[in-house]
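Report on the following structure.
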Amino acid sequence: MGKSNFIQEFKAFAMKGNVIDMAIGVIIGGAFGKIVSSIVADVIMPPIGLLVGGVNFTDLKWIMKPAEMVDGKEIAAVTLNYGNFLQATFDFLIIVFSIFVFIKLFTKITAKKKTETPATPPAPTKEEILLTEIRDLLKEKK
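Numbering-wise (our numbering), the sequence shown opens with residue 1 and increments by one.
Structure representation (structure tokens):
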């Protein structure tokens, strides 16, 4: 009985709206990250690389120890690949900026919707209904 109760609780948790919404957000966020990474790598960085002398940022590295041949085997160079770090930093900044702009637009659109829909007036109280009836009766007597 304990296992099936645990499974029932897990099912209830997994099927909550918030968990499903979060999963959808993660999937969309992953796809959005790929799009932004492509924009950075394929659209933004080439002109910046051209401006700084035709440098591809992902190729930037500091060779700490060059490659060498030892007993006929090549030992790879030891490098500090700061270009990849710069590329990832640019990706991050552009993703954060894009999300900021998206949230600003979303907030503006939802705020506009709220102001466009007029608030429904509250229902009249019993006193107001009684006073309205009295007023109408007085008008009829005149």
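Heads up, the beta-carbon is just placed ideally off N, CA and C, and yes, glycines get one too.
Note that the structure is a prediction, hence the values are computed from the model and not measured.
Per DSSP, which one or two residues make a beta bridge with residue i?
| i | result |
| --- | --- |
| Glu74 | Met69 |
Would residue i pass as a contact of residue j if the rule is Cβ separation under 7 Å?
| i | j | result |
| --- | --- | --- |
| Ala76 | Ala67 | yes |
| Val52 | Lys65 | no |
| Phe32 | Met45 | no |
| Gly83 | Asp59 | yes |
| Leu80 | Trp62 | yes |
With burial defined as no fewer than 16 other Cβ atoms inside 10 Å of the residue's Cβ, what is the status of residue i: buried or exposed?
| i | result |
| --- | --- |
| Phe85 | exposed |
| Asp136 | exposed |
| Asp91 | buried |
| Val101 | exposed |
Return helix, strand or coil for residue i, following the three-state DSSP convention.
| i | result |
| --- | --- |
| Met45 | helix |
| Met64 | strand |
| Thr79 | strand |
| Glu55 | In the sequence as displayed, the identity of residue 55 is Val instead of Glu. Here Val55 sits in coil by DSSP. |
| Met22 | helix |
| Thr125 | coil |
| Lys141 | helix |
If you measure from the beta carbon of residue i to each beta carbon in chain B, is any gap under 7 Å?
| i | result |
| --- | --- |
| Phe10 | No chain B appears in this structure, which consists of one protein chain only. |
Whether or not the segment 92 to 101 and the segment 35 to 49 are in contact is what I'm after, with contact meaning three or more pairs of Cβ atoms, one per stretch, closer than 8 Å; do they touch? In this structure the segment 35 to 49 lies against the segment 92 to 101, because at least three pairs of beta carbons, one per stretch, are closer than 8 Å.
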